Amino acid sequence: MDLIGDAFNGTNTPVPGPYPKDCLGHGTHVSGIIAAQKNPLGFIGAAYGATIGMYKALDCAGSSSNDVLIAGFNQAYEDGSDVISLSVGTISGWKEDPLAITVSRIIDAGVPCVIANGNNGPSVFTAATPADGSGVMNVGSIENTVTPLLGTEGFTSLDSSSDNLTSFAWIPGTPAFPNITLPFWVVTPNVTTDGTWSACSLLNDDAPADLGDRIVLVELDDCGDSTIADNLSKNNATYIMFYNSDDDLDNIYSVSTSPSTLGAGMVALQQAVEWRDLLGNGTEVYATLVEPQSASPAAGYYPNDSVGGYVDDFSSWGPTWEADLDPHIATPGGSILSTYPLNQGGYYVDSGTSMAAPIMASIYALIMQARSIKDPKTLMGLVSSTAKQTKYYDSYQGTFYDGLAPVAQQGAGLAQAYDAVHATTSLSVSSFSFNDTDHFVNSTDFTIRNGARQAVTYSIGHTPTRSRDTYRTGQSNPSRSSNSSDIAATLAFSEVKITVPAGGSAKVTVKVTLPQGLTASNLPVYGGYITLDGSTGEHLVIPYLGVAGSLANIQSIDPNYSFIYHTSGRFAEAAPDNDTWTIPYPTLGSSQPSASSSVDYPALGIEADAGVPLMRADIIPLGSTPAKTTKILGVDVAGSLVGYPVQWLNTNIHQVAFNGITQEGATLPEGNYAVLLRALKIFGDANNTDDYTTKQTQSFNIKYTSTAA
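In C-alpha cells:
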C-alpha cells in the first residue's frame with residue numbers, strides 16, 4: 001500500500017498513490033530478507049513462506065514523518081498483520097515519543113512489533129525511536145559470519161571447454177572485459193623485481209614477453225591499478241584480473257587501468273588464492289567472461305573470520321534515558337544480501353539494524369507457525385531467554401575481549417530460532433533494569449515455569465559483562481571511545497539450585513549489590529546475565545542492566561555549544577554579547593526562517609549532551625525593553641522560541657531562528673533580550689524549579705527595518 005505518493009519529501013502533505021513503487025530500495029531489501037524465493041544467487045528469505053504486506057512510508061531519499069509512520073502501523077494492524085516490522089528510526093531513547101506510544105498500544109492489543117534499534121553506535125544511550133517503545137522487540141545488529149560479494153557472473157574451468165564450469169563473482173573495471181575465454185597467468189614473487197605478488201615494478205626476464213593471450217591475475221597494491229597496468233603492458237598484457245591484498249571485501253571496487261588494457265576486473269583475495277594454488281601446481285585455469293551488460297549477477301560467499309559473529313560497530317547501544325534495557329535482542333544485520341528493485345540491479349548487499357529487524361520478525365513468524373503463540377510478551381520471553389551471547393569486540397579501540405559483550409550493546413544476545421521453538425521452560429520476565437543509583441532496584445524476583453513432561457532441576461548462576469562509561473573523564477558529551485571495565489554488580493539468589501515439577505512453577509528472589517569502583521560521573525552502564533541450566537540440557541538467560549550513577553545529575557545542556565548565533569554565519573560561532581540584528585518586521589502569517597537562512601536572523605543553537613524530558617527556551621526582556629511578560633517557573637518571560645517548550649529531546653544539535661514572533665504568536669517589540677534555557681532533569685518534576693538545569697545565552701538586540709502596518 002502506498003501511504004505517501006511519489007511527490008512526498010518528508011515534510012509536505014502525503015498524497016497516496018495507487019502503486020507503492022519502491023524508488024529507494026530499502027523496502028524491497030528488507031522484504032526480501034523475510035520472503036525472498038529461490039533465486040540464481042542461492043539465498044532465500046528467513047520466512048520465505050510468509051505472506052507479507054508492504055506499506056510505502058519512505059520517500060526516495062529515505063525520509064518520512066511520524067504521522068505517516070503512525071498511519072502505516074495503524075493500517076497494518078487493521079489489516080490483521082500477525083507481526084509488524086519496521087526498519088526506520090531516529091535517535092531518541094524516549095518511550096514517550098508519539099510514534100513509540102502508538103506502537104506500544106498495538107503491542108498491548110496483541111500484535112508483536114519488531115523494530116530496528118538504530119545505527120548510532122558505538123556510543124552508549126543511542127537507542128532509536130520507536131524501537132525504544134514499551135514492549136517493542138528492538139533489534140541490534142550482528143555482523144554476518146559469511147560476507148557476500150555481489151558482482152557479475154564469470155565461469156572457470158580446468159580446460160578451454162564449456163563443460164564443468166564453476167561460477168564466480170567479479171567486479172567489472174574500466175574497460176570491462178569483452179566476451180572471452182582465456183587462461184589465467186598469475187604474477188608471482190618469482191617474476192617481479194621486488195619479490196611481490198603485485199606488479200608495482202616491472203616484471204623480470206622470467207615472465208613471458210607476450211601476455212596478450214592470457215588473463216593476468218595480479219595483486220592490487222598501494223601503487224594503484226593504473227601503475228600496475230602500465231607495468232604489465234610492457235609484457236603486452238591486455239586483460240587483467242586484480243585481487244585485493246587482504247580479505248576485506250569492502251576494498252574490492254571497479255578498477256581503472258591504462259589505455260592499452262582491453263579488459264579489467266577484480267575478485268576477492270579468497271577466490272584469487274584458490275586460483276593461485278591451482279596455477280602453482282601446474283593446473284591451467286580458464287576464465288569465461290561475458291561483457292557486463294549481457295552477464296548475469298552472481299554472488300561469492302566468503303567466511304568473515306575477523307568480526308563475523310560480533311555486534312556491529314554501528315549498532316546502537318542502550319539503555320534508554322529512563323534506564324530501560326535496549327536493545328532486547330540481536331540478529332545478523334551486517335553484510336546482508338537481499339532483493340532490490342530490478343531497475344537498480346535486482347540484488348544488493350546492505351548493512352544496518354534495518355536488515356536485522358526483518359530477520360527477527362521472520363523468527364517470530366516461524367515460532368508462531370511452530371507453536372501457535374502470538375502473544376507479544378510470551379514471544380519476547382522465548383526469544384530472549386534462549387539467545388546466545390556474543391563476545392565483546394570494542395571496534396573503536398580495536399580490542400577483542402574474552403568476556404561477553406555488554407548487555408547495553410547486544411541485549412539478550414543472538415536470537416536462536418530453533419531453541420526458541422523447542423524451549424520447554426518459560427520465565428516470567430524477559431529482562432531486568434536495576435535503574436540508576438537514585439532509583440536503584442536492589443531486589444527483584446522471577447518465576448520459572450516448567451513445561452516439560454518431567455521434573456527439571458535448574459542451576460541458577462550469574463555471568464556479568466563488561467561495564468561501559470557514557471562519558472570520558474572530564475567530558476560532557478557521550479563518547480564513542482569511552483572506557484569499559486570488568487567491574488560488575490554482585491547478584492545473590494534465594495536458590496542456586498531448584499527442582500520444578502512437570503507443569504509446575506517456582507519463584508526465585510534476586511538481591512543486587514551495585515558495582516564498586518566505577519566513576520559515577522562518567523555514568524557507567526553495567527550489566528550481565530542471570531543464567532539457568534536445566535537438567536534437560538536447556539540453557540536460559542535473563543539479561544539485566546543498570547546505571548552506576550545519577551541520570552538526574554548529568555549535564556544535558558552543553559556549556560560550550562549552546563548560544564545565539566547568526567543564521568548567515570556558522571553555528572559553531574557564538575555571536576558577541578549584546579550583538580544587534582536588524583530584521584524585517586514580521587507580518588501575520590510570516591514563515592518561520594530557517595536556522596541557516598542567508599537572510600540574517602538571530603538563532604539559538606543547543607547541543608544536548610543527554611536526553612531531556614522537557615526543554616524550555618524562554619525569551620527574557622532585559623533592561624528597559626517594553627515587552628509584556630508572564631511569570632513562568634518564577635521568571636518573567638516574553639514568550640518562547642518557536643517550537644518550544646519541546647518534550648523528549650534527543651542528544652543532538654537543535655537549532656531554531658527567531659524572527660520576532662514567539663511560539664505564543666506575540667510580536668516582540670524592539671529591544672534587548674536573552675534566551676533562558678531550562679532542561680528538566682531525567683525523572684524530574686516539571687513544576688519544580690529545582691529540577692531544571694539552566695543556562696542563559698548572551699544578550700542580543702532586535703531592531704526592525706519597518707514598523708507594523
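Residues in the sequence shown are numbered from 1 upward in steps of one, following full-length UniProt numbering.
We put the beta carbon where it would ideally sit given N, CA and C, even for glycine.
Note that the structure is a prediction, hence the values are computed from the model and not measured.
Closest by CA to residue i, which one among the options?
{"i": "Asn483", "options": "Thr353, Asn522, Ala264", "result": "Asn522"}
{"i": "Thr102", "options": "Asp533, Asp579, Asp67", "result": "Asp67"}
{"i": "Gly93", "options": "Asn701, Leu427, Thr320", "result": "Thr320"}
{"i": "Leu149", "options": "Thr188, Asp419, Leu41, Met137", "result": "Leu41"}
{"i": "Thr181", "options": "Lys511, Asn659, Thr288, Thr473", "result": "Thr288"}
{"i": "Pro626", "options": "Phe658, Asn672, Thr651, Gly333", "result": "Asn672"}
{"i": "Asp419", "options": "Asn435, Lys388, Val500", "result": "Lys388"}
{"i": "Thr473", "options": "Leu24, Asp579, Pro524", "result": "Pro524"}
{"i": "Met380", "options": "Tyr704, Lys631, Pro112, Ala638", "result": "Pro112"}
{"i": "Thr283", "options": "Asn204, Ser157, Asn117", "result": "Ser157"}
{"i": "Ser316", "options": "Pro376, Ile91, Tyr692", "result": "Ile91"}
{"i": "Trp581", "options": "Gly623, Phe700, Val675", "result": "Phe700"}
{"i": "Pro669", "options": "Gly504, Ile702, Ile171, Gly527", "result": "Ile702"}
{"i": "Ser245", "options": "Phe571, Leu342, Gln271", "result": "Gln271"}
{"i": "Thr531", "options": "Ser384, Tyr585, Gly25, Val30", "result": "Ser384"}
{"i": "Thr630", "options": "Glu664, Asp609, Ser431", "result": "Glu664"}
{"i": "Lys95", "options": "Ser87, Leu86, Arg105", "result": "Arg105"}
{"i": "Ala686", "options": "Ile359, Gln647, Asn659", "result": "Gln647"}
{"i": "Lys339", "options": "Gln696, Val30, Asn652", "result": "Reading off the sequence, residue 339 comes out as Thr, not Lys. With distances taken between Cα atoms, Thr339 lies closest to Val30."}
Since residue i is in the alpha helix (DSSP H), which residue starts that stretch and which ends it?
{"i": "His422", "result": "417-422"}
{"i": "Gly69", "result": "What sits at residue 69 in the sequence shown is Leu, not Gly. Note, Leu69: alpha helix (DSSP H), 66-78."}
{"i": "Ser233", "result": "225-233"}
{"i": "Val508", "result": "It is not in any alpha helix (DSSP H) - Val508 instead sits in the beta strand (DSSP E) that spans 505-513."}
{"i": "Val407", "result": "407-410"}
What does the Cβ neighbour count give for residue i, buried or exposed, with the cut at 16 atoms within 10 Å?
{"i": "Asp213", "result": "exposed"}
{"i": "Lys38", "result": "exposed"}
{"i": "Pro122", "result": "buried"}
{"i": "Val146", "result": "exposed"}
{"i": "Asn251", "result": "exposed"}
{"i": "Glu322", "result": "buried"}
{"i": "Ala575", "result": "buried"}
{"i": "Arg453", "result": "exposed"}
{"i": "Thr51", "result": "exposed"}
{"i": "Glu538", "result": "buried"}
{"i": "Tyr692", "result": "buried"}
{"i": "Glu573", "result": "exposed"}
{"i": "Ile564", "result": "buried"}
{"i": "Tyr471", "result": "buried"}
{"i": "residue 725", "result": "The displayed coordinates of the chain run from 1 to 709. Any statement about residue 725 would go beyond what the structure contains."}
{"i": "Gly352", "result": "buried"}
{"i": "Gln7", "result": "Here the sequence assigns Ala to residue 7, which means Gln is not the residue at that position. Under this definition Ala7 is an exposed residue."}
{"i": "Thr28", "result": "buried"}
What does a CB cutoff of less than 7 angstroms around residue i pick up in its chain, not counting 5 residues either side in sequence?
{"i": "Ala47", "result": "Ile34, Ala35, Ser362, Ala365, Leu366"}
{"i": "Thr227", "result": "Cys200"}
{"i": "Ser494", "result": "Val508, Thr509"}
{"i": "Leu249", "result": "Thr147, Leu149, Ala268, Tyr302"}
{"i": "Asp480", "result": "In the sequence on display, residue 480 carries Arg and not Asp. Correct list, in chain order: Pro122, Ser123, Tyr396."}
Determine the extent of the beta strand (DSSP E) in which residue i is found, giving its start and end residues.
{"i": "Ser426", "result": "425-427"}
{"i": "Gly32", "result": "Element bounds for Gly32: not the beta strand (DSSP E) but the alpha helix (DSSP H), 26-35."}
{"i": "Gln696", "result": "692-696"}
{"i": "Val547", "result": "539-547"}
{"i": "Leu604", "result": "602-607"}
{"i": "Leu551", "result": "First-last for Leu551: undefined, no H or E at that position."}
{"i": "Lys703", "result": "700-704"}
Leaving out five residues before and five after residue i in sequence, what residues of the same chain have Cβ atoms less than 6 angstroms from its Cβ?
{"i": "Ala169", "result": "Leu149, Gly151, Ala298, Ala299, Gly300"}
{"i": "Ile215", "result": "Leu182, Phe184, Tyr239, Met241, Ala287"}
{"i": "Ala709", "result": "Confidence in Ala709 is poor, its pLDDT being 43 and thus under 50, which makes the residue's placement too unreliable to answer from."}
{"i": "Asp533", "result": "Ser459, His539"}
{"i": "Asn578", "result": "Ser699"}
{"i": "Cys60", "result": "Cys23, Leu24"}
Suppose the cutoff is 8 angstroms on Cβ atoms and the five residues either side in sequence are ignored; what does the same chain contact list for residue i look like?
{"i": "Thr390", "result": "Ile142, Gly309, Tyr310, Val311, Ala330, Leu404, Ala405, Gln410, Gly413, Leu414"}
{"i": "Asp210", "result": "Asn235, Asn236"}
{"i": "Gln516", "result": "Ile487"}
{"i": "Asp222", "result": "Cys200"}
Go through the segment 367-398 residue by residue and report every complete run of the beta strand (DSSP E) that reaches 3 residues or more, in order. Those beta strand (DSSP E) runs which fall completely within the segment 367-398 and span 3+ residues are 391-394.
Which runs of the alpha helix (DSSP H) fall wholly inside the segment 96-122 and span at least 4 residues, in chain order? Those alpha helix (DSSP H) runs which fall completely within the segment 96-122 and span 4+ residues are 98-108.
Every unbroken alpha helix (DSSP H) within the segment 257-333, with a cutoff of 4 residues, ordered by chain: 269-280
Every unbroken beta strand (DSSP E) within the segment 162-202, with a cutoff of 3 residues, ordered by chain: 166-172, 180-186
At what residue ranges does the segment 609-685 contain a whole run of the beta strand (DSSP E), taking only runs of 3 or more? 612-621, 630-632, 635-637, 646-649, 653-657, 671-680
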